[in-house]
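Residue numbers (this note's numbering), protein chains in the order written: chain B, 1 to 241; chain X, 242 to 668. Beta carbons: idealized from backbone N, C-alpha and C, even for Gly. The block underneath contains the structure these notes are about, expressed in structure tokens.
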Amino acid sequence: MEKVLEINNLKKSYGSFEAVKGLNFCIPKGEIFALIGPNGAGKSTTLKMISTILHPTSGQIIIDGTDIEKEPDLARSKISYLPEEVGAYKNLSGLGYLELMAALYTDNPVKQKEYVSKALEISDLGSRIRDKLGTYSKGMTRKVMLARALMSQPKLAILDEATSGLDVINALEIRNIIINYAKSGTTVLVSSHNMLEIEYLSNMVGIIDQGEIIETGTVKELKEKHNAKNLEEVFLRLKKQ
Amino acid sequence: MKKFWVLLKKEIKELLTPQLWVPFLTVIVVFFVIGNVTSKQMKEQESVKDKIVIADLDRSNLSASIISSLEPVATVVETDATDNVELNIKMQEENIQSGILIPKGFENNVYGGGQTTIESYSLMSNFSALAGKKMIIGTTSAALINEMVSNTLLGEKIGPGNTTKLKQPVTVKKFVSANGIIKEGDATQLLSFILGQTTTVPTVLFVVIVMAAQMIASAVATEKENKTLETLLSLPISRKAIVASKMLAAGFVSLIMASLYMLGIRNMNSGISGMASGVSSGENVSQLAADLGLKFSAFGYLELGLILFLAILLALSIAMILGAFAEDAKSAQGVVAPLMILVMIPYFLTLLMDLNSMSIGVRYIIYSIPFSHIFLAMPNILTGNHIFVLAGAGYMLILFVIFVLLAAKIFSSDLILTLKLNFSKKK
Ligand SMILES: Nc1ncnc2c1ncn2[C@@H]1O[C@H](COP(=O)(O)OP(=O)(O)OP(=O)(O)O)[C@@H](O)[C@H]1O
Ligand SMILES: [Mg+2]
Numbered sequence: 001m002e003k004v005l006e007i008n009n010l011k012k013s014y015g016s017f018e019a020v021k022g023l024n025f026c027i028p029k030g031e032i033f034a035l036i037g038p039n040g041a042g043k044s045t046t047l048k049m050i051s052t053i054l055h056p057t058s059g060q061i062i063i064d065g066t067d068i069e070k071e072p073d074l075a076r077s078k079i080s081y082l083p084e085e086v087g088a089y090k091n092l093s094g095l096g097y098l099e100l101m102a103a104l105y106t107d108n109p110v111k112q113k114e115y116v117s118k119a120l121e122i123s124d125l126g127s128r129i130r131d132k133l134g135t136y137s138k139g140m141t142r143k144v145m146l147a148r149a150l151m152s153q154p155k156l157a158i159l160d161e162a163t164s165g166l167d168v169i170n171a172l173e174i175r176n177i178i179i180n181y182a183k184s185g186t187t188v189l190v191s192s193h194n195m196l197e198i199e200y201l202s203n204m205v206g207i208i209d210q211g212e213i214i215e216t217g218t219v220k221e222l223k224e225k226h227n228a229k230n231l232e233e234v235f236l237r238l239k240k241q
Numbered sequence: 242m243k244k245f246w247v248l249l250k251k252e253i254k255e256l257l258t259p260q261l262w263v264p265f266l267t268v269i270v271v272f273f274v275i276g277n278v279t280s281k282q283m284k285e286q287e288s289v290k291d292k293i294v295i296a297d298l299d300r301s302n303l304s305a306s307i308i309s310s311l312e313p314v315a316t317v318v319e320t321d322a323t324d325n326v327e328l329n330i331k332m333q334e335e336n337i338q339s340g341i342l343i344p345k346g347f348e349n350n351v352y353g354g355g356q357t358t359i360e361s362y363s364l365m366s367n368f369s370a371l372a373g374k375k376m377i378i379g380t381t382s383a384a385l386i387n388e389m390v391s392n393t394l395l396g397e398k399i400g401p402g403n404t405t406k407l408k409q410p411v412t413v414k415k416f417v418s419a420n421g422i423i424k425e426g427d428a429t430q431l432l433s434f435i436l437g438q439t440t441t442v443p444t445v446l447f448v449v450i451v452m453a454a455q456m457i458a459s460a461v462a463t464e465k466e467n468k469t470l471e472t473l474l475s476l477p478i479s480r481k482a483i484v485a486s487k488m489l490a491a492g493f494v495s496l497i498m499a500s501l502y503m504l505g506i507r508n509m510n511s512g513i514s515g516m517a518s519g520v521s522s523g524e525n526v527s528q529l530a531a532d533l534g535l536k537f538s539a540f541g542y543l544e545l546g547l548i549l550f551l552a553i554l555l556a557l558s559i560a561m562i563l564g565a566f567a568e569d570a571k572s573a574q575g576v577v578a579p580l581m582i583l584v585m586i587p588y589f590l591t592l593l594m595d596l597n598s599m600s601i602g603v604r605y606i607i608y609s610i611p612f613s614h615i616f617l618a619m620p621n622i623l624t625g626n627h628i629f630v631l632a633g634a635g636y637m638l639i640l641f642v643i644f645v646l647l648a649a650k651i652f653s654s655d656l657i658l659t660l661k662l663n664f665s666k667k668k
């Protein structure tokens, strides 16, 4: 089994506060892995470290065989990162933004075109894609951002709270986009504090609480092991122990 | 009505944030410091009499008594110079702005009823408000000499019967010297002409630097605030490219702003000076400045351009780092306050004071503020002090490199995302 992401004893402190306390997990190729846990558990911190924008206090992150501390530039060419609640350059049109980002991913104009058309397909905004980003609704913005993150067909897509703040229909749409995407070979790491929703998206989950992973496995395994109806119950049982 | 007061209170609270009052307070402190320094210097200047160099080529009783009677108003430095060139060298050596030459045959002319002329010299080595004040002693002394000669003639009841000649027995010929060249001309007019030029550029630059700094700091802060920066940082682009592109863009925009401003102000100034002095005298003064070498050569413009460019780059690199401390666009205004102080202090001090008359300690503190060299550049270029100008440029270049590296370091570490200034929550 080929591992796209491998994390060894990953720690992160903000000053004297230890936000992430020694994480270990790995994600096989083509998998959608969900890091779930309550607010403040350390999900975003972990995802930022994997995205190379925060340096780990200690520990190791290996993306597709590349140690991100040793070769950050190579690692960055293999990933894409969607921050939670990311804003947009409000004066750009959706299309303009996608073209800009494509040009930042690659110098090759043929590939840039490919990326943009892929992104247009994912975002599916029709003629509104030519409007300014500032006029978009939350769901529309999120779709453009997701399209940006997926258009380059990265080895690993890191999506922080991919569906947060979206209505049922938009959330469903985005989940379907991600699932289809994983089928085409991209490995996906998502985070969510919504433990119920994540069952529809991912097969493998890691439950994180107060900076520590308290359980990992497939959704099915965890529910059977803890004799629970859903992941929320699994979490509550784990907390009681 | 109650609801209105609740709203009003909320609005005031929101406005009176540290982001607002910290820069405001710093500006006040800067004004306070500048006021103190200048008033202290002015007092020192006032308590000592201004100096004047006098070359007495006549060596007569009359000239000697005239010189000694100048003592109450000025500190007279006598020289045994034999001509005006030597007199000017002496003025330069002693760093005295005014000099008077009493020509041979002065006494004979006075008593003989012939035309009596003395020569007044002004040395242009410094172009501050204070320099203008120092030059006045030349005019005062010349007037005093005239009065004394007039009194002597009246007392002795000799000389021409003509009353105007009795009142105005001495003609003063005015000369200006700079860069070792001596030309006939009026120093006060020349000084205001040069001040018009040398204060325009610094004023524009002052405005542009402050605007550019705020521009880049809020650009960084805005990207931090809406997290587009996080996206940028995760892309396969080098961090140096991110820092460099932001800085070059702001540098480019501020250069355009600076040029437009300068064009505008030049236009306005030429309009104003045309109105005030009439075109012909304006041209005379401009010719005088050119004759004395007090006009910019091609090399001078090059030096000035270099200084301006470096100053903007340096300000941008510092503002970029300061911007990293801001959490949102609103607080970006506040974090550039330290930079504004570094620009304001030398701006006002050089405008008001003559650095050469300050104590060495104060002078070196001013030299060590990199932005002083913007304001010191023009007078030093005009007086041919190129080594000083280029040294200032070198100093700014070194600091620029240091701050750019520091900015790149911050952008490639956690600091860009985790740095913040918290005025209120200091434990
Ligand atoms: N820049 C920072 N400085 C100090 N502490 C921080 C910083 N960023 C995060 N933290 C702290 O680290 C902990 C983990 O934060 P993180 O954002 O990773 O949580 P999260 O799991 O993503 O939560 P949420 O579901 O609310 O997004 C929190 O206690 C948070 O307060
Ligand atoms: Mg989070």
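### Task
Could you spell out where the alpha helix (DSSP H) holding VAL144/B opens and where it closes?
Here residue 144/B corresponds to residue number 144 of the first sequence, with the count starting at 1. Per DSSP, VAL144/B belongs to the alpha helix (DSSP H) from 138 to 151.
### Local conformation of ALA315/X per DSSP, three classes
Residue mapping note: residue 315/X aligns to position 74 of the second sequence, counting from 1. In the structure shown, ALA315/X sits in coil (DSSP, three-state: anything other than H, G, I, E or B).
#### Entry: In chain order, each alpha helix (DSSP H) run of at least 4 residues that lies wholly inside the segment 289 to 341 of chain X
Qualifying alpha helix (DSSP H) stretches, in chain order: 302 to 311 and 325 to 335.
### Message
When you compare the CB of TYR14/B with every CB in chain X, is at least one pair closer than 9 angstroms?
### Response
To locate residue 14/B, count along the first sequence from 1; it is residue 14. With respect to chain X, the C-beta atom of TYR14/B has a partner C-beta closer than 9 angstroms.
### Query
When we look at the beta-carbon of ARG76/B and count the other beta-carbons within 10 Å, is it buried (16 or more) or exposed?
Counting from one through the first sequence, the residue named residue 76/B turns up at place 76. So ARG76/B counts as buried.
### Task
Using 10 angstroms around the beta-carbon of ARG175/B, count the other beta-carbons present and answer buried if the total reaches 16, otherwise exposed.
What you label residue 175/B is simply residue 175 of the first sequence in a count that begins at 1. Residue environment: ARG175/B is assigned as buried (16 or more neighbouring CB atoms within 10 Å of its CB, all protein chains considered).
### Task
Give the DSSP-derived three-state secondary structure of SER486/X in the structure shown.
Within the second sequence, numbered from 1, the residue matching residue 486/X stands at position 245. For SER486/X, the three-state secondary structure derived from DSSP is helix.
### Message
Short of 8 angstroms Cβ to Cβ, which residues in the segment 25 to 55 of chain B face chain X?
### Response
Result list: LYS48, SER51, THR52, ILE53, LEU54 and HIS55.
### Query
PHE273/X: buried (16+ other C-beta within 10 angstroms of its C-beta) or exposed?
In the second sequence, the residue the question calls residue 273/X occupies position 32. Here PHE273/X is exposed: its Cβ has fewer than 16 other Cβ atoms, across all protein chains shown, within 10 Å.
### Task
Within its chain, find whatever has a CB closer than 6 angstroms to the CB of GLU425/X; leave out the 5 residues flanking it on each side and keep chain order.
The residue labelled residue 425/X in the question sits at position 184 within the second sequence. Annotation for GLU425/X: PHE416 place their beta carbon closer than 6 angstroms to its own, counting only its chain and skipping 5 residues before and after.
### TYR181/B: first and last residue of the uninterrupted alpha helix (DSSP H) it sits in
For the purposes of this step, residue 181/B is taken as the residue at position 181 of the first sequence. Annotation: the continuous alpha helix (DSSP H) that includes TYR181/B extends over 168 to 183.
### Query
What does LEU658/X reach in chain B if we use C-beta pairs closer than 7 angstroms?
Looking up residue 658/X in the second sequence gives position 417. Taking a Cβ-Cβ threshold of 7 angstroms, the residues of chain B close to LEU658/X are ILE53 and LEU54, in chain order.
### the segment 565 to 580 of chain X / the segment 449 to 467 of chain X touching (three or more Cβ pairs under 8 angstroms)
Touching, per the Cβ criterion.
#### Entry: Given ILE62/B as reference, the closest of LEU10/B, TYR105/B and LYS183/B once Cα atoms are compared
Counting from one through the first sequence, the residue named residue 62/B turns up at place 62. The candidate whose alpha carbon is nearest that of ILE62/B is LEU10/B.
### Task
Measure from the alpha carbon of VAL219/B to the alpha carbon of each residue in LEU47/B, SER80/B, ILE32/B and VAL86/B, then state which is nearest.
Looking up residue 219/B in the first sequence gives position 219. For VAL219/B, the closest alpha carbon among the candidates LEU47/B, SER80/B, ILE32/B and VAL86/B is that of ILE32/B.
### Query
Using 8 angstroms as the Cβ pair cut-off and three pairs as the minimum, do the segment 465 to 476 of chain X and the segment 68 to 88 of chain B touch?
By the Cβ rule, the segment 465 to 476 of chain X counts as touching the segment 68 to 88 of chain B, because three or more pairs are nearer than 8 angstroms.
### Query
Curious, which full-length alpha helix (DSSP H) runs of at least 4 residues does the segment 385 to 452 of chain X contain?
Secondary structure within the segment 385 to 452 of chain X: the alpha helix (DSSP H) runs of 4 or more consecutive residues, fully enclosed, are 404 to 408 (chain order).
### Message
Mapping the DSSP letters down to three states, classify ILE553/X as helix, strand or coil.
### Response
As a working mapping, residue 553/X is identified with position 312 in the second sequence. Looking at ILE553/X - three-state DSSP - the assignment turns out to be helix.
### Query
Whose CB is closer than 5 angstroms to a heavy atom of ligand 1? List the residues in chain order.
Close to ligand 1, as judged by a C-beta nearer than 5 angstroms to any of its heavy atoms, are the residues TYR14/B, ALA19/B, ASN39/B, GLY40/B, ALA41/B, GLY42/B, LYS43/B, SER44/B, THR45/B, HIS193/B and THR659/X, in chain order.
### Message
Please give me, in chain order, every unbroken run of the beta strand (DSSP E) with length at least 3 that falls completely inside the segment 36 to 120 of chain B.
### Response
Runs of beta strand (DSSP E) with 3 or more residues, each lying fully within the segment 36 to 120 of chain B, are found at 58 to 63 and 79 to 82, listed in chain order.
### Message
Please tell me whether ILE169/B has its Cβ less than 9 angstroms away from any Cβ of chain X.
### Response
As a first step, residue 169/B is located in the first sequence; it is residue number 169 there, counting from the start. Not closer than 9 angstroms to any Cβ of chain X, the Cβ of ILE169/B fails to qualify, so no.
### Message
I need the straight-line Cα distance from GLU212/B to SER58/B, nearest angstrom please.
### Response
On the first sequence, position 212 is the one that residue 212/B refers to. On the first sequence, position 58 is the one that residue 58/B refers to. Whole-angstrom Cα-Cα distance: 14 angstroms.
### Query
When every heavy atom of ligand 2 is checked, does at least one fall within less than 8 angstroms of the C-beta of ASP209/B?
Counting from one through the first sequence, the residue named residue 209/B turns up at place 209. No, the beta carbon of ASP209/B sits no closer than 8 angstroms to any heavy atom of ligand 2.
### Message
For MET151/B, would you say it is in contact with chain X, using Cβ-to-Cβ distances shorter than 9 angstroms as the test?
### Response
Stepping through the first sequence from its first residue, residue 151/B is reached at position 151. No - not a single Cβ of chain X is within 9 angstroms of the one on MET151/B.
#### Entry: Distance, LYS406/X Cα to VAL520/X Cα
Translated into the one-based positions of the second sequence, residue 520/X becomes position 279. Translated into the one-based positions of the second sequence, residue 406/X becomes position 165. For VAL520/X, the pLDDT reaches just 45, beneath the cut-off of 50, and the residue's location in the model is therefore unreliable, leaving the point undetermined.
### Query
How many whole angstroms separate the CB atoms of SER152/B and TYR105/B, which I take to be in contact at a CB cut-off of 8 angstroms?
In the first sequence, the residue the question calls residue 152/B occupies position 152. In the first sequence, the residue the question calls residue 105/B occupies position 105. Yes, SER152/B and TYR105/B are in contact; Cβ-Cβ is about 5 angstroms, under 8 angstroms.
### Task
Would you decide whether HIS614/X is buried or exposed? Buried here means 16 or more other CB atoms lie within 10 Å of its CB.
Residue 614/X sits at position 373 when you count from the first residue of the second sequence. So HIS614/X ends up on the buried side.
### Query
How long is the line joining the alpha carbons of THR591/X and LEU617/X, rounded to whole angstroms?
The residue given as residue 591/X occupies position 350 in the second sequence. The residue given as residue 617/X occupies position 376 in the second sequence. About 7 angstroms.
### Message
Tell me whether SER600/X, by its Cβ, gets closer than 8 angstroms to a heavy atom of ligand 2.
### Response
Against the second sequence, residue 600/X aligns to sequence position 359. Proximity of the beta carbon of SER600/X to ligand 2 is not indicated: no heavy atom of the ligand is located closer than 8 angstroms.
### Task
Report buried or exposed for MET561/X, applying the criterion of at least 16 other Cβ atoms within 10 angstroms of its Cβ.
Translated into the one-based positions of the second sequence, residue 561/X becomes position 320. Classification of MET561/X: buried, given that the 10 Å Cβ count is 16 or more.
### Message
Would ALA419/X and LEU535/X qualify as a contact pair, given that the criterion is a beta-carbon distance under 9 angstroms?
### Response
Here residue 419/X refers to the residue found at position 178 when the second sequence is read from its first residue. Here residue 535/X refers to the residue found at position 294 when the second sequence is read from its first residue. Contact: yes.
### Task
Taking the CB atoms as reference points, tell me whether ILE187/X and ILE359/X lie closer together than 9 angstroms.
This structure leaves residue 187/X out entirely; chain X is present only between 242 and 668.
### Query
When every heavy atom of ligand 2 is checked, does at least one fall within less than 8 angstroms of the C-beta of SER191/B?
As a working mapping, residue 191/B is identified with position 191 in the first sequence. A distance criterion of 8 angstroms places the beta-carbon of SER191/B in contact range of ligand 2, judged by its closest non-hydrogen atom.
### Query
How big is the Cα-Cα spacing for SER369/X and LEU529/X?
Residue 369/X sits at position 128 when you count from the first residue of the second sequence. Residue 529/X sits at position 288 when you count from the first residue of the second sequence. Answer to the nearest angstrom: the Cα atoms are 19 angstroms apart.
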